[in-house]
Each structure stands twice: as structure tokens, then as C-alpha cells.
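So the structure is just underneath, and the comments pick up after that.
Protein chains: 2
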Amino acid sequence: MILFELDENCGKPKSRQISDLLADRMKTGLLKPGDRLPSTRKLADLLRVHRSTVALAYQTLWSLGFVDLQRGSAPVVRSRAPLPEASERERESALDWDRVSSPATGDLYRHAPLRTVQRSPSPPRGWISFEYLRMDPRLFPMEHFRTCLGRAFREEGTSLLGYGDPRGHEGLREAIAARMGTHGISVTADEILITNGAQHALDLVLRMMAEPGKTVAVESPTYGDILPLLRHYGLNIAEIPLKEDGMDLDTLENICRKGPLHLVYTMPNFQNPTGITTDQPHRERLLDICSRFGVPLLEDAFEEEMKYSGRVVLPVKSMDTGHRVIYCGTFSKVLFPGARVGWLAAHPECIRRLAVLRRYGELSPPVLLQAALARFCSEGHFERHISRMHRVYRKRMQTALAALKRSISPEWAAWTRPDGGYLIWLSMAPSPPADWEDILASEKVSAAPGYTFYSSEPTGVHFRLSISSLDEEEIEEGIRRLGRAFGKVYERKG
Amino acid sequence: MILFELDENCGKPKSRQISDLLADRMKTGLLKPGDRLPSTRKLADLLRVHRSTVALAYQTLWSLGFVDLQRGSAPVVRSRAPLPEASERERESALDWDRVSSPATGDLYRHAPLRTVQRSPSPPRGWISFEYLRMDPRLFPMEHFRTCLGRAFREEGTSLLGYGDPRGHEGLREAIAARMGTHGISVTADEILITNGAQHALDLVLRMMAEPGKTVAVESPTYGDILPLLRHYGLNIAEIPLKEDGMDLDTLENICRKGPLHLVYTMPNFQNPTGITTDQPHRERLLDICSRFGVPLLEDAFEEEMKYSGRVVLPVKSMDTGHRVIYCGTFSKVLFPGARVGWLAAHPECIRRLAVLRRYGELSPPVLLQAALARFCSEGHFERHISRMHRVYRKRMQTALAALKRSISPEWAAWTRPDGGYLIWLSMAPSPPADWEDILASEKVSAAPGYTFYSSEPTGVHFRLSISSLDEEEIEEGIRRLGRAFGKVYERKG
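Chains as they are written, first to last, in full-length UniProt numbering: chain A, 1 to 494; chain B, 1 to 494.
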């Protein structure tokens with residue numbers, strides 16, 4: 001006989017409690033194939049529940065293959081293949097997955113630190129981390145976004161949970177086009193493809209153009225997470241030295257002269273990792289070089305909105321009458337990353353090719369989040385949020401620059417003074433050999449090591465400081481710790 | 001002087017109205033570079049708003065590059081590059097995007113019907129469409145999902161809008177592992193990778209293993225949207241004829257003997273497009289062949305949950321002690337597609353490689369939707385929804401099969417009798433040449449033409465009927481129309 005009690009307060013529906021308990025007994029062999037379960041009426045009486053509750057539980061057991069049901073008679077336990085033992089599960093695969101994988105995947109896998117496949121870890125308690133470029137969750141506009149989500153749900157109904165347009169939600173593309181208009185870029189919704197964040201945008205562009213042996217020019221240092229992708233696609237990387245005013249354009253021009261170049265990748269604003277912003281003449285000459293040599297330009301404007309001091313400089317895309325520029329934007333670095341919404345803006349001929357790759361790669365992005373974001377923009381929340389972020393981060397950046405001046409001797413390091421964004425680049429003076437990671441750890445502070453932003457071996461030691469998720473007090477304390485750590489290296493020297 | 005009025009009722013924030021109106025005047029030249037705007041106090045008095053409202057508007061104009069601001073003095077209009085004219089925008093790109101694209105992208109683009117990059121069109125008014133495999137939006141559990149979303153928002157806070165784990169939300173992976181357990185598959189959350197739907201899952205697997213010249217075996221006919229992907233990755237396609245009881249295993253074995261095969265792709269339940277389900281012995285022999293020849297098996301179980309009649313058959317993955325099977329599941333074909341959540345389950349060595357590809361391809365999927373879905377599962381909504389779907393679609397399928405028997409002569413066509421899912425495959429008898437699309441259109445009914453599910457030219461005419469988004473009345477009327485349309489072909493013959 002079946003003996004068990006239902007728990008009124010566990011929050012699990014009663015029919016589910018019944019089916020789970022019965023399934024457990026079948027798995028452990030207390031109920032065996034051929035055993036007959038009580039009729040719905042009998043079990044309902046026994047457990048003091050409605051017959052329909054038991055019927056639902058039996059239906060579930062049937063649909064899971066635990067019992068055979070026949071109209072009018074009690075369910076009979078079926079024979080199911082035994083579950084493999086845990087020991088069996090943990091043993092080696094009969095396949096060598098390195099041989100199943102392509103060399104391109106194997107390379108990416110071997111060079112990816114394991115932590116990259118997990119959520120980036122929080123710093124240990126008591127540490128201050130300048131390591132990651134992530135918005136401060138304390139600044140997420142939770143309530144406004146939730147309101148927009150709720151309103152979309154009420155007003156737009158089931159279309160929010162259906163398939164969407166592979167190019168992305170039309171209302172959001174229009175809001176983005178309008179937003180780009182305020183930066184001097186004239187595009188329509190048809191020239192925009194919504195992507196799952198900026199990384200996805202880069203992946204789609206590389207996937208579109210990649211053939212082994214093609215060459216892509218990048219700033220050196222550059223965004224660390226594009227380098228493994230370039231290698232994965234079999235592309236050659238031409239590193240163009242980054243000077244104080246941006247990519248060295250003489251070097252770029254020489255490279256264009258020597259052989260075919262297939263893409264130039266640049267971050268004109270608050271470059272990652274250096275924080276450098278190029279000026280208008282630099283942008284004009286860069287576009288001119290690309291025009292003369294017929295090279296498409298990928299403008300990564302991941303922090304376009306985060307210009308909070310200095311003169312405004314127009315995006316390269318705003319001058320792009322020849323439609324050579326593929327512009328990449330994202331909400332992740334000014335709003336929050338969790339909507340996974342970035343975009344590409346380019347000539348419709350380019351966008352259509354990218355849209356086909358997205359279509360066969362994953363059909364379409366989630367409508368619900370895009371619809372909520374479109375409302376967030378059209379109702380003015382986005383602009384207000386940007387203004388707030390400018391106020392907050394202008395002060396944080398000023399605090400950081402002042403603290404650096406106080407805590408770090410100019411004989412130890414030089415650093416950039418960004419007009420926006422979150423990133424400061426420290427270039428360390430020559431020093432005796434030092435285990436930098438250990439030395440920073442001794443002061444419970446961390447920063448992104450510079451070599452991760454270079455394809456080849458860099459000269460000198462660098463750190464990228466991200467102030468994106470630290471408040472002013474944390475920034476000041478963190479930089480004091482950096483000062484003490486660096487002192488251990490350089491004062492030992494002196 | 002600036003003359004305009006604010007609109008109390010337009011819903012647009014006042015500061016935004018002010019910045020928009022001023023920006024418009026700058027764009028049209030009414031305000032020119034060098035012009036000085038009124039002080040915040042003066043404009044605030046004039047418009048009867050608070051000074052901070054004007055200050056916010058000026059801040060916005062500054063951040064958009066329209067004005068220069070200096071503390072204490074009025075803003076001055078800056079010179080901005082003129083927006084390119086519409087005529088300039090529409091002209092040709094200076095680049096030939098076919099030459100920028102790789103041949104693999106070009107092929108995909110040229111062979112993709114243009115409509116595939118847009119949302120699939122709704123059928124014209126008055127039509128009945130059996131064409132698309134999409135859940136009926138009338139059955140979406142809107143309220144329960146919205147409740148789960150709201151509860152997640154209240155209880156989980158900012159982590160919902162941050163970056164997530166590239167492998168997917170842990171709670172959801174656990175819920176999926178538990179769900180798979182009820183189908184006899186024993187996996188942990190570490191053996192699961194959440195994907196952006198099943199198409200993304202297929203793309204990741206192919207991306208992992210693809211090298212030009214490798215060979216993938218598929219059922220013939222098979223899922224139409226995997227064929228362009230296989231070609232895009234340069235893979236050879238080995239079409240294995242599908243018989244009434246599934247893929248012809250003798251042919252598969254012969255192909256394995258002749259040369260290296262690198263993947264077998266199969267849909268054991270309610271196969272797309274035929275609706276055929278293989279039996280236990282067929283599954284065992286399929287796995288045995290893969291084991292003997294060392295070939296990984298991609299089991300696409302896109303409708304695993306939709307078994308609503310007949311005996312339960314266990315997934316191939318449940319017998320996979322050698323970890324050769326990569327299992328693909330999705331919520332899109334039983335719940336709704338809008339969460340864009342599918343998954344892959346495989347040996348951890350395989351999952352880690354796939355996770356690295358996802359990580360560099362787009363970082364991580366949206367936490368919010370996954371967290372809501374995890375709640376939807378753990379609170380029992382998913383199981384109850386499945387039971388409901390079984391009741392609804394069992395009746396719809398019975399209705400469809402009865403209607404086919406009434407309306408379509410066995411001399412015109414033969415069709416499958418699926419035990420679950422949404423798909424029926426019609427194989428038409430030989431007929432005089434006919435423009436099938438036209439003939440169906442004359443009765444305002446549509447079905448998916450069979451040739452889209454074959455890599456090579458099929459023999460004979462087939463149609464895939466999807467009953468996924470039609471109710472019983474629509475199914476009956478639609479099949480009557482099919483009968484009349486087919487009559488025009490076959491009675492002309494007789």
C-alpha cells in the first residue's frame with residue numbers, strides 16, 4: 001500500500017507532490033513494473049484531495065513514462081531503463097572531444113582560462129577590484145525597467161513571447177536610430193541589427209567576413225576578448241601601436257600599402273583598455289585611409305554615451321558617406337548588461353548579410369526584453385539615466401585621477417586621463433623583476449594585467465583600472481592600496 | 001528669442017521636450033553655431049518650469065554635442081557636422097559587401113529567401129496556414145509567466161540584469177536536469193548548456209565540430225533550417241532515407257563503413273517534417289552503430305515533452321553510457337519561443353568546449369528570462385502546462401487525422417499518424433504536372449512544401465502540415481480546403 005502524507009506548506013502543488021513521491025518509489029524499486037496503482041478515487045480519498053489532483057499526477061507519471069494508463073482502469077507501473085549509476089556517469093566519455101572538435105575550437109578552448117566559462121567571480125571579501133569593466137549594479141534603474149516590462153506585458157500581449165524579427169524589435173531599432181541621430185549619425189531602422197550585446201556584434205561581423213588568411217588591423221593594446229575570436233576565425237592580426245592620440249595612422253597606411261587589409265577595428269572613445277579618445281582630425285584621416293584602400297571599418301562605440309567631460313567628438317560613422325563603417329553600440333556599458341542588447345549599424349546590404357547569419361544562428365532575439373527597452377528609451381528614462389550616469393562617473397573619474405596623483409609617484413607610472421567611460425591605463429616604469437599579481441594581492445587590490453590586451457608580447461608592464469563598479473570611497477581606498485603595492489616594487493629599487 | 005510652449009499631456013518629460021525643441025532648431029539652422037542660449041533661470045521663468053528641468057535639458061544637449069557648457073555662463077551652440085542628406089544615405093555603398101563577405105556567408109545569403117530575415121508573415125486574412133511550426137499564442141501561459149517574472153524581480157534584484165554564467169542560469173540548468181531525469185536521462189547541471197533556442201544549439205554543435213570536408217548524416221527529409229547551416233560550415237551532407245520506422249540504419253551502417261562520418265543528426269520523436277517516432281529497438285541499434293564507429297550522435301528532442309498518445313519511448317540519451325550523445329531540447333515547442341531558451345546536454349568535456357564558443361560568441365544569455373523560467377518550472381507551472389498541451393493537442397491531432405480521412409482520398413495521398421507533436425507528412429500520389437502553390441492558394445490554404453526538407457532533389461511531392469497554431473475548427477476547415485485543392489489535381493487526372 002502507498003503511505004505518505006502531503007505537505008500543505010511546502011509550496012509544491014499537491015499533484016506534483018504525488019507524482020514525485022510515486023516516481024521516487026518506482027526509481028528505488030519500492031514500486032515495481034506490473035504493480036497496479038490505486039484508482040484515482042481511492043487515492044484521492046486516502047489523501048483527502050480532489051480526484052482531479054490525483055488524475056493530474058497520474059497523467060504526469062504517464063507522460064514521463066512511469067506508468068501505462070488505460071481509460072477506466074488503474075495505472076500500471078511500466079518497466080523503464082534503469083538510470084545509469086553515478087559512477088557510470090562520471091566516467092570518461094567514449095569519445096575524445098578534442099578529436100570531435102575542430103582545431104579552431106580546440107585552440108579557443110585551450111587558450112581560454114577556465115574562469116571565462118563561468119560567471120566572473122566577485123572579488124574576495126575585503127578586496128577592492130579594478131579588474132572588470134561592468135556597470136555598478138547599485139546604479140541599475142531597476143524600478144523604471146520593471147515598470148516598462150510590466151507595461152509592455154499588459155499592452156503588447158502574446159507577441160512578446162513569440163518569435164521576433166531576426167533583425168530585432170522594430171520599435172527598439174527606431175529608438176536606437178533616433179539616439180544615433182543625436183550623435184550626428186543618420187540611419188534608419190533598416191540599417192540596424194540588434195545583437196545579443198557587443199561581443200555578439202563583433203562575432204557576427206567576423207563570421208561574415210572571415211576566411212583563413214585574411215587580415216584584421218587592431219589597436220595595440222585592444223579589447224582583450226576580440227583577440228581569441230580573431231584567432232578562432234583563422235584571421236591574421238595586424239597590431240597597430242596606439243599612441244596618445246589614437247592608433248598610429250602612418251603604420252596603418254603602410255600596412256594597407258603592403259598588402260590587402262580586410263578590416264580595421266577601432267574604439268574611438270575611451271578606448272578599451274586605455275581610455276584614450278581620438279580627435280576629429282584623427283577620425284577623418286582614419287576614414288580617409290579606409291576609403292582609399294577600400295577597407296571596411298568596424299567602429300566599436302561601446303561607450304559612446306559616456307562622454308562626460310571635454311569636447312564632443314563625432315563618431316566616424318557620422319562622416320561615413322561611402323558606407324564603409326560598421327558601427328557597433330551597446331546598452332551594456334551605460335544601462336545594464338542583462339538585457340543582452342547591442343547593435344550594429346551599417347549599409348543595408350551589410351545588415352542583410354548579418355541578419356541571415358543571425359537567422360540561421362539562433363532565429364531571433366527575445367522580443368520581451370527588447371520591447372521593454374524600447375519603452376525605456378521612448379519614455380525618456382534612458383536619457384535621464386545617461387544624465388545621471390554622467391554626474392556619477394564624472395565625479396568617480398575625478399576622484400580616481402586625484403587619488404592617483406596623491407598615491408602614485410610619477411616615477412613609478414604614467415596614466416591616461418579619460419574624458420569619459422570607466423577605464424584608466426597605467427604604464428609602469430621599468431622596475432626590478434616583480435610578481436605583480438602577488439604584490440597587488442598583498443594589499444587586497446586587483447587590476448586587469450596589461451598583457452591580456454595584446455596579441456603579441458607587450459613591452460613593459462601595464463594595468464587597466466576599471467572604476468565602473470566602485471564608488472568614490474572604494475576608488476580612493478583602492479588607489480591607496482595600489483600606491484602601497486607599487487611602493488613595495490619601486491622603493492625596494494631605490 | 002526662443003518661443004515655444006510645453007505640452008503638459010504628451011507624456012514626454014518636460015526636459016526632453018525642451019532639449020528636442022532646441023535640437024530641432026539647431027538642426028534646421030534657426031539656432032546657429034555661436035548663438036547663446038538663455039540662462040537656465042531665464043528659460044525656466046519663461047517656460048514656468050523648475051530651473052533643474054532646464055539644467056537637465058542643457059546637460060542633454062551638451063552630451064549630444066549640440067552646445068558647449070561652461071559653469072556659470074549660458075550654453076553656446078556648437079558647430080556640428082551636418083547630417084548627411086537622405087539622398088546621400090540611400091546611395092550605393094562604396095564597398096561591395098559580397099566581396100567583404102566570405103564565400104560561406106555569401107552562399108548562405110544568396111540561398112536564404114529574403115522573408116527568412118524578417119518575421120515570418122502572418123497568413124493573409126481568411127487563409128488557413130499549416131505552414132509554420134509555431135505554438136498557438138492563444139495557449140501561452142501569459143499570466144503565470146508574468147507572475148514568475150515579477151517574483152524573480154522582487155526577490156533576486158540586480159543580479160537579474162547583470163552578466164550571467166555563459167553556460168546559463170544554474171537554477172534553470174538544475175530544473176532542466178530534473179526534468180530530463182523524468183525522461184530517464186541522468187545528468188547534472190554541469191552537463192547542461194543553456195542556448196538561445198534549439199537553432200542556436202545546433203549552430204554551436206556544428207561550430208564546435210565543423211571543418212570543411214567533414215560529413216554529417218541527416219534523415220531525409222530533415223529539419224529544413226539545419227541544411228543551410230551545414231553547407232555554411234562546409235560540411236558534406238549524407239542523406240539517410242527515412243522509412244516508416246525511422247532512419248534507414250542499414251544505409252547508415254554502410255556509410256559508416258565506407259568512410260569517416262563525423263556526426264549523426266536525428267529527431268527520434270515526431271520527426272520534423274514527418275511526425276515519425278522511432279521505437280526502442282531502432283534507438284538501441286542507432287546508438288550501437290554510433291558506438292561501433294565512434295560517431296557522436298546529435299539527438300534533437302525538440303518535442304520530447306509532446307508525447308500525448310502511444311507508448312512512451314526513452315530518449316537515446318537515456319541509454320548513452322558511453323557519453324556519445326549530444327542531446328538538444330527546447331522550451332519553444334511546448335511553452336513559447338519568446339524566452340529563446342533551449343539547451344544541450346552532453347559530457348562535461350563537450351559542454352566545456354561549447355561553453356567557450358558561447359562565451360566568445362556573446363558572453364552570456366539574459367539572466368532575467370532564465371530566472372523566470374526556472375521559477376515557472378520549480379513552481380509546477382511547467383508540468384501543468386504540459387498536461388494542458390497534451391489534452392489540447394491530442395484532440396487537435398485526432399481532429400486532423402479524422403478530417404484527413406474524410407476529405408482526402410487515399411488514392412491522392414498517404415500521411416503519417418504521429419503519436420505526439422504537431423506535424424503530419426503528406427506524400428502525394430503521382431499526378432499530372434501541377435502548380436501546387438497556385439492550387440492551394442486558390443483555396444486559401446497553405447502548407448510547407450516538402451522539397452524544403454531535402455538537401456537533394458526529392459522524388460515525389462510532399463507537404464508538411466503543422467497543426468501547432470490552429471484550433472479544431474480551423475484544422476477541419478483547412479483540411480476541407482486541402483481536399484478541394486487536391487481534387488482539382490487528381491480529378492482532372494481521372
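Glycine included, C-beta positions come from ideal geometry on N, C-alpha and C.
Can you tell me the Cβ-Cβ gap for residue i and residue j, rounded? I've got them flagged as a contact below 8 Å.
i                     : j                     : result
residue 200 (chain A) : residue 361 (chain B) : 6 Å
residue 217 (chain A) : residue 255 (chain A) : 6 Å
residue 506 (chain A) : residue 332 (chain A) : The first residue shown for chain A is 1 and the last is 494, placing residue 506 (chain A) beyond what the model contains.
residue 482 (chain B) : residue 424 (chain B) : That belief does not hold up - the Cβ atoms of residue 482 (chain B) and residue 424 (chain B) are roughly 11 Å apart, past 8 Å.
residue 164 (chain A) : residue 446 (chain A) : Actually they do not touch by this definition, with Cβ atoms about 40 Å apart.
residue 31 (chain A)  : residue 77 (chain A)  : 5 Å
residue 472 (chain B) : residue 399 (chain B) : 4 Å
residue 324 (chain A) : residue 378 (chain A) : Actually they do not touch by this definition, with Cβ atoms about 31 Å apart.
residue 397 (chain B) : residue 158 (chain A) : With a Cβ gap of about 22 Å, residue 397 (chain B) and residue 158 (chain A) do not count as contacting.
residue 237 (chain A) : residue 251 (chain A) : With 8 Å as the limit, residue 237 (chain A) and residue 251 (chain A) do not qualify as a contact, their Cβ atoms being about 14 Å apart.
residue 134 (chain A) : residue 273 (chain A) : So it is not a contact: roughly 14 Å between Cβ atoms.
residue 340 (chain B) : residue 366 (chain A) : 5 Å
Return yes when the Cβ of residue j is within less than 7 Å of the Cβ of residue i, no when it is not.
i                     : j                     : result
residue 235 (chain A) : residue 214 (chain A) : yes
residue 62 (chain B)  : residue 69 (chain B)  : yes
residue 129 (chain A) : residue 123 (chain A) : yes
residue 302 (chain B) : residue 374 (chain B) : no
residue 344 (chain B) : residue 193 (chain B) : yes
residue 485 (chain B) : residue 440 (chain B) : yes
residue 227 (chain B) : residue 466 (chain B) : no
residue 53 (chain A)  : residue 19 (chain A)  : no
residue 452 (chain B) : residue 171 (chain B) : no
residue 96 (chain B)  : residue 106 (chain B) : no
residue 420 (chain A) : residue 306 (chain A) : yes
residue 160 (chain A) : residue 402 (chain A) : no
residue 109 (chain B) : residue 353 (chain A) : yes
residue 262 (chain B) : residue 104 (chain B) : no
residue 287 (chain A) : residue 316 (chain A) : yes
residue 102 (chain B) : residue 346 (chain A) : no
residue 144 (chain B) : residue 381 (chain B) : yes
Nearest to residue i by CA position, among the options, is which residue?
i                     : options                       : result
residue 479 (chain B) : B:405, B:417, B:421 and B:126 : B:405
residue 253 (chain A) : A:278, A:295 and A:269        : A:295
residue 387 (chain A) : A:40, A:167 and A:335         : A:335
residue 189 (chain B) : B:180, B:182, B:181 and B:174 : B:174
residue 220 (chain B) : B:489, B:476, B:492 and B:450 : B:450
residue 490 (chain B) : B:445, B:473 and B:436        : B:436
residue 319 (chain A) : A:184, A:468, A:150 and A:414 : A:184
residue 304 (chain B) : B:328, B:49 and B:5           : B:328
residue 43 (chain A)  : A:298, A:15, A:288 and A:257  : A:15
residue 66 (chain A)  : A:73, A:41 and A:33           : A:33
residue 430 (chain B) : B:22, B:459 and B:204         : B:459
residue 242 (chain A) : A:278, A:212 and A:209        : A:278
residue 297 (chain A) : A:367, A:349, A:309 and A:265 : A:265
Look up residue i in the DSSP assignment and give the residues it is bridged to.
i                     : result
residue 266 (chain B) : B:299
residue 239 (chain A) : A:218
residue 247 (chain A) : A:242
residue 343 (chain A) : A:194 and A:329
residue 180 (chain A) : The partner list for residue 180 (chain A) (beta bridge, DSSP) is empty, contrary to what the question assumes.
residue 415 (chain B) : B:426
residue 467 (chain B) : DSSP output for residue 467 (chain B) lists no bridge partner at all.
residue 446 (chain B) : B:129
residue 73 (chain B)  : B:70
Checklist entry - Any residues in the region 349-379 of chain B with a beta carbon nearer than 7 Å to a beta carbon of chain A? Which ones, in chain order? => result If the cut-off is 7 Å between Cβ atoms, the region 349-379 of chain B has 349, 350, 352, 353, 355, 356, 357, 359, 360, 361, 362, 363, 365, 366, 367, 368 and 369 near chain A.
Checklist entry - the region 160-187 of chain B: which residues have C-beta closer than 7 Å to a C-beta of chain A, in chain order? => result Going along the region 160-187 of chain B in chain order, one finds 160, 161, 162, 163, 164, 165, 166, 167, 182, 183, 184 and 186 with a Cβ nearer than 7 Å to chain A.
Item to check | Chain-ordered residues of the region 470-484 of chain B with a beta carbon less than 9 Å from chain A | outcome: From the region 470-484 of chain B, no residue has a Cβ closer than 9 Å to chain A.
Item to check | Residues of the region 216-234 of chain A with Cβ closer than 8 Å to any Cβ of chain B, in chain order | outcome: So the close ones are 225, 228, 229 and 232.
Checklist entry - Using a Cβ cut-off of 7 Å, which residues of the region 324-343 of chain A contact any Cβ in chain B, in chain order? => result From the region 324-343 of chain A, only 324, 336, 337, 338, 339 and 340 have a Cβ closer than 7 Å to chain B.
Checklist entry - Of all the residues that make up the region 146-160 of chain A, which are near chain B by a beta-carbon distance shorter than 8 Å? => result For the region 146-160 of chain A, which is checked against every Cβ of chain B, the residues closer than 8 Å are 146, 149, 150, 153, 157, 158, 159 and 160.
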